[in-house]
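In the numbering used here, the protein residues as written are 31 to 153.
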């Protein structure tokens, strides 16, 4: 606990996100009604995503096109959000995740079933 996780298109292998910041915010509010979007749309967008009885905090670094969120228990919930969001916005784009404490790029499995990615991410 205490670290952050980062999600990005696999830029080292030439991948980039095909969606805009506006498309990201639209998807978040459509997929998770009641979610709050704040921050500055040209710098860091803050997203409080409401899932059931929890609010999970995410941020979108606009310049670097990186989604990040703090370490929190259980990790399966933010992993489920990441999988659903990427399946919605960029299902064919190779994506990676890494932790602030480690920095090792790990691939994200965007197969239709979210469970393989959730198991790998959340342990």
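Idealized CB from N, CA, C, for every residue including glycine.
Residue i bridges to which residues according to DSSP?
i           : result
residue 68  : 76
residue 62  : In DSSP, residue 62 forms no bridge with anything.
residue 85  : 80
residue 98  : 36, 89
residue 137 : 126
Excluding the five sequence neighbours on either side, which residues of its own chain have a C-beta within less than 7 Å of the C-beta of residue i, listed in chain order?
i           : result
residue 40  : 124, 125, 126
residue 131 : 33
residue 49  : 119, 120
Would you kindly work out how many angstroms separate the C-alpha atoms of residue i and residue j, rounded to a whole number?
i           : j           : result
residue 128 : residue 138 : 10 Å
residue 97  : residue 47  : 11 Å
residue 142 : residue 148 : 12 Å
residue 134 : residue 37  : 12 Å
residue 87  : residue 67  : 10 Å
residue 146 : residue 136 : 13 Å
residue 111 : residue 144 : 10 Å
residue 114 : residue 140 : 9 Å
residue 58  : residue 94  : 19 Å
residue 82  : residue 60  : 15 Å
Closer than 6 Å by C-beta to residue i: which residues in its own chain qualify, once you throw out the five before and the five after it? Chain order, please.
i           : result
residue 152 : 105, 106, 109
residue 100 : 34
residue 45  : 39, 123, 124
For the putative contact between residue i and residue j, defined by C-beta atoms under 8 Å, what is the C-beta separation to the nearest angstrom?
i          : j          : result
residue 92 : residue 72 : 6 Å
residue 90 : residue 74 : 7 Å
residue 80 : residue 64 : 4 Å
Apart from the five residues just before and just after residue i, which ones in its own chain have a Cβ nearer than 8 Å to its Cβ?
i          : result
residue 84 : 107
residue 43 : 124
Review point. Are the segment 52 to 66 and the segment 117 to 132 touching, with three or more C-beta to C-beta distances below 8 Å?
Key: yes
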